[in-house]
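Residue numbers (my numbering), protein chains in the order written: chain W, 5 to 193; chain F, 3 to 255.
Set out below in structure tokens:
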């Protein structure tokens, strides 16, 4: 029996090996072909495939998510945009891929890509911070350590110093993000 | 960074960490509804958390499953026998080699040489009726006739050789000797035996010896000598087996 789109989503959410294998078998050759036709190699296609599927997993977990196209159109659209963004980042110019007209424009895809692009920009800027700032923000945001613990771990005099330093690092990061031309296009106004 | 900024970031942080409660929370959410700049800041701060957030369990599981699938797929690819594209030139050469082999097999094993074919078609060892000239030799001749007509040529050759020591002019025994040699593939000596007979004064001996001499030449692939001998039989109206076509045989040589 042919699978419904929801079966693929359910399979992703439950990490169902068979379903994920089926998605791989049905879509991966097409993604390889798209990437190879557009200046990429198979490893690039694999990165797009993997990141695309993770983006979909994150998207379908949102409470109000509703698939408005077929699962495969949605997935191809995500991979298409991921690769186009990747090329644009490399070439620093607008890119139109071969087979451009084959991929549908969908609100879900645009929304997912928008979020993915934002995160990509933030990560890029985060990695541009100094090592101390990166460590401090990680301890605060990732490890959820209290200011007192951060002070002890990183050798700051007290919590207040950590608080000041944390705000400085966050402000630095925000300024870097806001200074990037892409931020204006990506911000949620 | 101003103190005002610090205070704002502190409040956003508290909001995102769920530390705002009661009136503080209501006021902040009301402000979010009207203040677009604040909304943008909150989204930016929320997204900042995602940069450093570790991957959740579901994403890690999916990543692992995908790695397994890729690993298996690559292994399958490696295990598949590679399909070699044989160049067109190699195909042509292979076909030519097969054809050549076929031709060699045809000529070596199927298509016997002309002399062999003609020999097989024309040579037969006719039975000989020996005539005993004395009572003492009767048993010898009877024995010779028996073994010769039975195709026991080694014995017939031995008996004929022995007999000819005492009776060298017995053309029937000489003929049996030549035919025994021919059947035993002693072609050179058979030639000599038939040539000797051919020089005898017995017409019957000359006739038959010519025919068998021609057959021996044929076997030796001495086609010119064979043709000349057969032509002599034809010219002289000599002996040849009645079921054979002498003229046709000569034409084939």
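Glycine included, every Cβ here is placed at the ideal spot set by N, Cα and C.
Check                                                                                                                                     : Outcome
Spatial distance of residue 148 (chain F) from residue 96 (chain F) (CA atoms)                                                            : 57 Å
Closer than 7 Å at the beta carbon, the chain F residues around residue 126 (chain W)                                                     : 49, 50, 53
Cβ-heavy atom distance, residue 73 (chain F) to the ligand NAP, below 6 Å                                                                 : The ligand content of the structure shown is nil, which means the ligand NAP is not present either.
Cβ separation of residue 21 (chain W) and residue 67 (chain F), assumed to be a contact under 8 Å, to the nearest whole Å                 : 6 Å
Segment limits, alpha helix (DSSP H) that includes residue 178 (chain W)                                                                  : 163-183
First and last residue of the uninterrupted alpha helix (DSSP H) at residue 18 (chain W)                                                  : Neither: residue 18 (chain W) is in no alpha helix (DSSP H) and is coded neither H nor E.
Cβ pair residue 177 (chain W), residue 122 (chain W) closer than 7 Å                                                                      : no
Cα-Cα separation, residue 234 (chain F) to residue 158 (chain F)                                                                          : 29 Å
Nearest-angstrom beta carbon gap, residue 35 (chain W) and residue 52 (chain W) [assumed within contact, 8 Å]                             : 6 Å
Completely contained beta strand (DSSP E) runs for the segment 134-175 of chain F, where each covers 3 or more residues                   : none
Test item: CB-CB of residue 53 (chain F) and residue 130 (chain W) under 7 Å                                                              : yes
Cut-off 6 Å between Cβ atoms - residues of its own chain near residue 192 (chain F), not counting five sequence neighbours on either side : 180, 183, 184, 218
Near-chain F residues of the segment 26-55 of chain W (beta-carbon distance less than 7 Å), N- to C-terminal order                        : 28, 50, 54
Chain F residues whose Cβ lies nearer than 9 Å to that of residue 201 (chain W)                                                           : Here chain W comprises residues numbered 5 to 193, so residue 201 (chain W) is not present and cannot be evaluated.
Unbroken alpha helix (DSSP H) run spanning residue 204 (chain F), endpoints                                                               : Where residue 204 (chain F) is concerned, there is no enclosing alpha helix (DSSP H), given that its DSSP letter is neither H nor E.
Residue-level contact to chain F via CB, residue 21 (chain W), 7 Å cutoff                                                                 : yes
Proximity below 7 Å, CB of residue 143 (chain W) to CB of residue 154 (chain W)                                                           : yes
Contact residues within the segment 130-160 of chain W, judged by C-beta distance below 8 Å to chain F                                    : 130, 141, 142, 145, 146
Buried versus exposed, by CB contacts within 10 Å (16 or more), residue 174 (chain W)                                                     : buried
Between the CA atoms of residue 244 (chain F) and residue 200 (chain F) - distance to the nearest angstrom                                : 20 Å
Contact under 7 Å by Cβ, residue 196 (chain F) with residue 178 (chain F)                                                                 : no
Meets three-Cβ-pair contact criterion under 8 Å: the segment 68-81 of chain W and the segment 109-119 of chain W                          : yes
Rounded straight-line distance, which links the Cα of residue 93 (chain F) to that of residue 60 (chain F)                                : 55 Å
Exposed unless 16 or more other CB atoms sit within 10 angstroms - verdict on residue 117 (chain W)                                       : buried
Supposed contact pair residue 229 (chain F) and residue 189 (chain F) - C-beta distance, whole angstroms, cut 8 Å                         : Their Cβ separation, rounded to whole angstroms, is 17 Å, which puts residue 189 (chain F) and residue 229 (chain F) out of contact at 8 Å.
Cβ-based burial, residue 90 (chain F) [other Cβ within 10 Å; buried from 16]                                                              : exposed
Inter-residue Cα distance where the pair is residue 132 (chain F) and residue 117 (chain F)                                               : 31 Å
Residue burial classification, residue 170 (chain W) (beta-carbon count within 10 angstroms, cutoff 16)                                   : buried
Segment limits, alpha helix (DSSP H) that includes residue 90 (chain F)                                                                   : 90-107
Limits of the alpha helix (DSSP H) - the one that residue 73 (chain F) falls within                                                       : 59-81
Classification of residue 90 (chain W) by the beta-carbon crowding that lies within 10 angstroms, buried from 16 upward                   : buried
Buried or exposed by the 16-neighbour rule on C-beta atoms within 10 Å, applied to residue 182 (chain W)                                  : exposed
Candidates F:204, F:137, F:138, F:175, of which the one nearest residue 150 (chain F) by Cα                                               : F:175
Below-7 Å beta-carbon distance, residue 36 (chain F) vs any chain W residue                                                               : no
Closer than 8 Å at the beta carbon, the chain F residues around residue 191 (chain W)                                                     : 42, 45, 46
Assigned secondary structure, residue 220 (chain F) (DSSP; H/G/I helix, E/B strand, else coil)                                            : helix
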